[in-house]
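Student:
Residue numbers (the numbering used here): 2 to 818.
1) Taking the alpha-carbon of residue 301 as reference, which of 287, 292, 318 has the nearest alpha-carbon?
2) Could you give the DSSP three-state label for residue 155: helix, strand or coil?
3) Pick from 610, 363, 583: whose alpha carbon is nearest that of residue 778?
4) Which of helix, strand or coil does DSSP assign to residue 328?
5) Let me confirm a value: residue 710 is counted as buried when at least 16 other C-beta atoms fall within 10 Å, else exposed. Which label applies?
6) With the cut-off set at 8 Å, would you say residue 224 and residue 52 are in Cβ contact?
7) Please name the residue or residues paired with residue 679 in a DSSP beta bridge.
8) For residue 672 and residue 678, what's the separation of their Cα atoms in angstroms?
9) Hey, residue 692 and residue 790: beta-carbon distance below 8 Å or not?
10) Please report the distance separating the alpha-carbon of residue 187 from that of residue 215.
11) Please report the Cβ distance between residue 437 and residue 394, rounded to the nearest whole angstrom; I am assuming they are in contact, meaning their Cβ atoms lie under 8 Å.
12) I'd like the span of the beta strand (DSSP E) that includes residue 552, first residue to last.
13) Can you tell me whether residue 448 is helix, strand or coil according to DSSP?
14) Which residues in the same chain as residue 458 place their Cβ atom closer than 8 Å to its Cβ, once the five residues preceding and following it in sequence are excluded?
15) Any idea if residue 721 is buried or exposed, counting beta-carbon neighbours within 10 angstroms, 16 or more meaning buried?
16) Just to confirm, is the Cβ distance from residue 152 to residue 170 under 8 Å?
17) Should residue 625 and residue 571 be called a contact, given that it needs their Cβ atoms to be closer than 8 Å?
18) Which residues mark the beginning and the end of the beta strand (DSSP E) in which residue 432 is found?
19) Would you say the region 520-539 touches the region 798-806, given that touching needs at least three Cβ pairs under 8 Å?
20) To the nearest angstrom, how far is the alpha carbon of residue 484 from that of residue 513?
21) Going by the CB atoms, is the gap between residue 336 and residue 387 shorter than 8 Å?
22) Just list the beta strand (DSSP E) runs in the region 607-635, keeping only unbroken ones of 3 residues or longer that don't cross its boundaries, in chain order.
23) If you follow the alpha helix (DSSP H) that residue 787 is in, where does it begin and where does it stop?
24) By Cβ distance, which residues of its chain are closer than 6 Å to residue 165, with the 5 residues on each side in sequence left out?
25) Among 406, 668, 590, 623, whose alpha-carbon lies nearest the alpha-carbon of residue 507?
26) Is residue 29 helix, strand or coil by DSSP?
27) Mind reading off the beta-carbon distance from residue 594 to residue 601? Whole number of angstroms is fine, and I expect it under 8 Å.
28) Locate the beta strand (DSSP E) running through residue 522, then write down its first and last residues.
29) What residue ranges within the region 101-176 form continuous beta strand (DSSP E) runs of no fewer than 3 residues, ordered along the chain?
30) Where do the N-terminal and C-terminal ends of the alpha helix (DSSP H) with residue 375 fall, by residue?
31) Can you have a look at residue 622 and say buried or exposed, based on whether 16 or more other CB atoms are within 10 angstroms of its CB?
32) Expressed to the nearest angstrom, what Euclidean distance is found between the alpha-carbon atoms of residue 453 and residue 23?
33) Identify the continuous beta strand (DSSP E) that holds residue 205 and give its terminal residues.
34) Kindly list the residues whose CB is nearer than 8 Å to the CB of residue 613, restricted to its own chain and excluding five residues on each side of it in sequence; keep chain order.
35) Beta strand (DSSP E) containing residue 342: first to last residue?
36) Please give the ranges of any alpha helix (DSSP H) in the region 446-516, keeping only runs that are unbroken, at least 4 residues long and fully inside the region.
Structure below.
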């Protein structure tokens, strides 16, 4: 690899460019500019460098004639781009120096950037890591997403309750890294009807939409690590074709004058609108179709512009569907190939089923997307016809494989029968794709065994595994410079592009001098987090304490409430058992609950109220603190992860597809406490049993317990510590004068049936924590385990994940620039 930007970089001209943007773009002067203006001007000057390389990459004939992957995802949780791009461009030190000379601190300027939070959690963050790894290894790629006006909500706490506010991630000035590409705008239709005509005795169908909008593409640069390659993350913004009616305005009907603007603007207004009402469902499906149709049209535009035949589409393009959200792309491509390009059904289907691949991210039945047949019929009438035909032909194959087996037909059908017929998007994905993959070895096996066993029998070898990964550029080199420098000092500087090299660090696990340096870096990272908490939350923390971290979306299956039960057990023992001793501990949470998810919000409230009491209870004597950090986002994760001693990965076995927080924290030297779930299983294989704390039921144990009839009251009544801990939720211990305010969490675990088996795993979880607590007191032994975690998780680089996709699914060749 070549740090080419370094060679081209001219400090003086860059500084002049920054000053030019201060005045010409942001109408201020060097003397009057605030930090925000300096950040924006610097960002614009840097973006000019990447936009040049973006265009060069786009126009590279070698890339146009190579096979590309098109990564379709409704979520890209990319995080702040400036610092990460500087790492990839090899310019971090140069820009630090250049801005210092202008009287500005780069680290302060980076804090001015608001995260583009265009995703909910792991799925969107994974998409961002994958784009980074494709660019780093120069596999031709375009990411396609939506240009939401408001990202995932800003979270705050009001008397312990989650409050949501709009997240205007672009600010009023726009985002310096994005560039509009109006020449690639697309026209997208909705509603309307389907017409028929006969040509040479063959019926041709044609959709006549009743509403049309424009898809305006914005490109964000995905910068290749130390190369000139820059791929676009193309985000579609929905605009009205005729946004303003002068006639209506002149007639005094001011609302009607902008009606088209409001209707179209709503489509990309908010990431995942609330869909617990009919209008929300319609808007969400409109989002999905708008994203899919604009992306498919752009893929075909590029294919045509390169001079390739339509029948060669699978030779030059593969389309990866990140979960089921872009599923409607399959009937959309069929519609274009048949209705607009004149292909027969068989020829169109042959192209489709060699072009699409699908990643499944969940085993939770409620998370498998279905859409009402009547809604699709109304919104996308031609697509519903195509889905019917796909299903009709598919069920012929099912009948041929299992003659007379009506149950098989009912289970596999893309149309789910019932009072309201539904379209099963996951089934449509499996039928319409040439490859389907899970995201961890355990998850992929469960997909074959439990979720899609019949599909696995019908389509042998279609269901595969690609274990997730994380980009080492952002999740070690950028977010943990102290550890990065220590590693480079020992093994050289090539490891960010080849994470397997970290195994060389293992030989220093018992080196006392290295242990000391390694733990000093961890202490500095803990201090940085403690400073943030003191400054923003007013809570003073002891950096000698265990920093015990659970950061992820708030969901019952992730079991933040099991963690809360453990906190309550520690609190109970500290107050009631004079013989109980524990190493000082700070338990960190960071999580957002979906706005309509009542119990998740109640768990946040309970955790905040418990934290409030414990943090101010002198009887605890600083042995225990609880910190719930608000507004969790990528830039916050970059501070928390390097500081973690303990990584909480405690989902019910069989529920977490993979997880990537587990990989990030292990890479940064945290010890995992977790169930045999998702990628925890593979992390354990890599780091060894002695360097991870596994507890609780495994998948088979969960199934056996459910089959035997699980009764949470049995566990509650049999375990004194569990009962005492839970009963604290019923008292007014944490809500003085208001007993029962935390009852929702308590009730979910007993009367609610404890669907995720928190009580069944409680005793084992407590025991694992006791073992971990004892180990932490031996700091040399702890350092040994932490170093081995960093050294042995090279497998979990997203570079390896992408190579697996490339070799087993996409069949791409790298194009070096």
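Where a beta carbon is used, it is the ideal one built from N, C-alpha and C, also for glycine.
Tutor: This is what the structure gives:
1) 318
2) strand
3) 583
4) coil
5) exposed
6) no
7) According to DSSP, residue 679 bridges with nothing at all.
8) 16 Å
9) yes
10) 6 Å
11) About 19 Å; that fails the 8 Å criterion.
12) 547-552
13) helix
14) 402
15) exposed
16) yes
17) yes
18) Unbroken run through residue 432 is the alpha helix (DSSP H), 426-433; no beta strand (DSSP E).
19) no
20) 16 Å
21) yes
22) 625-629
23) 780-793
24) 154, 596
25) 668
26) coil
27) 4 Å
28) Taken as a continuous stretch (DSSP letters only), residue 522 belongs to no beta strand (DSSP E), being part of the alpha helix (DSSP H) at 513-538.
29) 142-147, 155-159, 162-166
30) 374-380
31) exposed
32) 57 Å
33) 203-209
34) 161, 735
35) From DSSP, residue 342 is part of no beta strand (DSSP E); its letter is neither H nor E.
36) 454-459, 482-492
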